[in-house]
Amino acid sequence: MKYRDLKAIIDGDQIEKAIQALTSQKKDIDIDKLRKQWNVDEHEVLDKASRKDRDVAYEQKVDIGGGETRIDIKQKTESVARIPIPFQKNIVGKAVSFLFGNPVKITSSAQQEQELSVLESVNKILDDNKTDSQNRVVAKQLFRSTQVAEFWYPVKVTEVHEEYGFPTQFKLRMSVFSPWSGIELFPLFDDFGDMIAFSRQYTVKDEESKDVAHFETYTAEDYYLWKKSGEGWEALEKEPNVIKRIPVVYAEQEQAEWADVQYAIQRLETLISNHADTNDYNGSPIAVAEGEIISLGQKGERGKVIEMEKGGKLSYLSWDHAPESIKMEIDNLFKIILTYTQTPDISFESVKGIGAISGIALKLLFMDAHLKVLDKRETFDPYLKRRINIIKAFVAMMNTSVSAIAKKLKIDAEITPYIIQDDMERMEVLLAANGGKAVLSQRTSVAQSGLVDDPEAEYDQLQMEYEKANMTGITEPTE
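In the working numbering, each residue carries its 1-based index in the sequence shown increased by 28.
If you want it as structure tokens, here you go:
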């Protein structure tokens, strides 16, 4: 659909037809199914309908009088082991950490004073909205619900401020939307893949505490808001879009991060639960007696002796053949889940025998996770670029003196995969490349040490102590 055709439908007051057009590219998401897979308490292994309790037979002695008893066979229901594993959270958590564990670097070719002013404003807005933390929120929502959007909007404050480097009565804020919180997202793209409209549907409580559906749409020219009324919709608001750009950053992926290994996770939970049941039945020793037992001794008695009739034998039933095939399958399932989601195993048990390893070895250890980051950059590089362009548009609107500069200035965002740095090895490489000469000034090394609260004062103190030591060396008498 072309934008002019969509605008004609919306402005023609055909609300039902407009909403139908705006939702025509809706992505089908079974969000309830994804929530069940995510929440450990809702895993299938805990469902008593699919993993039923076990009916078992047991013997019961019944006194029939005259000092005689009989053995009756009774039935009872025993709970089976149900052990869910939060693999979905582990997969998503590590993917988010490797992608946005390091702050996103903002780079620009700004050189002129006004260009630097725009860059400073963008950085202050990003910092004010804590986007380094919001990046992880966005990634988590995308990886588990397959859709995410962030909305940027100005909020009028009571007093003029200069926190962005220029006087303004507005603050720029962002909100993150996803199906996880019950919001339906509807991006609409034209034939060339450009977004021409973005809509979301949500519910709010009315005066009678009843849920009322609302549908809002952003285009490059206008903002629309409709409310569900009976069987139809009624228009509530229509406002011009002051930045002439859809103030929404949107991303989607084909499936949840764990989708390819979901069946492997379910199989693993079943195997581990079955193995727990087996341990319950076979973990404790079972005595096998041949002949009549005269006395078993008392419970807890030290040096207890079991007395039997002459010729009787007593032995313990041992589990001579441990289920090696089950152990092998469990190990294989762990490997399959981690390998095919590119999730590194960095548990204590996995790395405790490694010892001190080089920076190259660390890179090899996390190479699969970093390759996954490269895949995710296909989504997040344009995502972050669009965010910056929206912020620049708002800066141009709030500070008209740099409007033309803000629109032209190129600002990029660079993602750096997380890794533990081997600082000593890195410094040795830099020293070798620099011919053995220092690669950091004393002032810079003090500032980067992280050991002092005031690096400048500490540097001045070091210089004063150095000069004092030299002066003492000169004035001391020599033999």
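Using N, Cα and C, we set each Cβ at its ideal position, and we do this for glycine too.
Residue of the options minimising C-alpha distance to residue i
i	options	result
E267	L253, P275 and K117	L253
E190	Q42, S149, V108 and I419	S149
L144	A475, Y494 and I433	I433
S78	R273, S173, Q294 and V289	Q294
E178	T231, N151, I211 and V188	I211
K435	T444, M425 and I443	M425
G260	V270, N269, V277 and H242	H242
T475	D488, G463 and K465	Note that residue 475 is Ala in the sequence shown here, rather than Thr. The shortest C-alpha separation from A475 is found at D488.
Q283	S52, K30, K61 and A304	K61
T407	M395, S431, V289 and V277	V277
As assigned by DSSP and simplified to three states, the class of residue i
i	result
K80	coil
R201	strand
E297	helix
R110	coil
T97	strand
D75	coil
D91	strand
D488	helix
G40	coil
G121	helix
W261	strand
K355	helix
D482	coil
R35	Note that residue 35 corresponds to Lys in the displayed sequence, not to Arg. Correct three-state label for K35: helix.
V132	coil
F217	strand
P268	strand
Q370	coil
M29	coil
Through-space distance from residue j to residue i, alpha-carbon basis
i	j	result
R164	K55	23 Å
E297	D308	17 Å
R405	V176	15 Å
E96	K102	19 Å
I59	S227	18 Å
A49	E285	30 Å
N269	V423	14 Å
F198	Y192	10 Å
K117	V232	30 Å
D409	P215	19 Å
L34	E244	15 Å
R63	I224	31 Å
V204	K255	22 Å
P131	N498	43 Å
E486	L468	16 Å
Neighbourhood of residue i by C-beta, 6 Å cutoff - its chain only, sequence neighbours within 5 removed
i	result
L147	S136 and A138
M202	N157, E178 and W180
A292	L361, I364 and I365
K133	E442
K122	T371
R98	V90 and I92
Cut-off 7 Å between Cβ atoms - residues of its own chain near residue i, not counting five sequence neighbours on either side
i	result
E280	K55, T174 and Q175
Sequence-distant residues of its chain with Cβ nearer than 8 Å to residue i (five each side left out)
i	result
V124	R164, A167, K168 and F171
(message) Three Cβ pairs or more, each shorter than 8 Å: is that satisfied between the region 67-76 and the region 103-121?
(response) yes
(message) For the pair the region 411-424 and the region 433-448, tell me if three or more CB-CB distances fall below 8 Å.
(response) yes
(message) Is it the case that the region 31-44 contacts the region 238-250, given that we only count it when at least three CB pairs across the two stretches are under 8 Å?
(response) With the cut-off at 8 Å, the region 238-250 and the region 31-44 touch.
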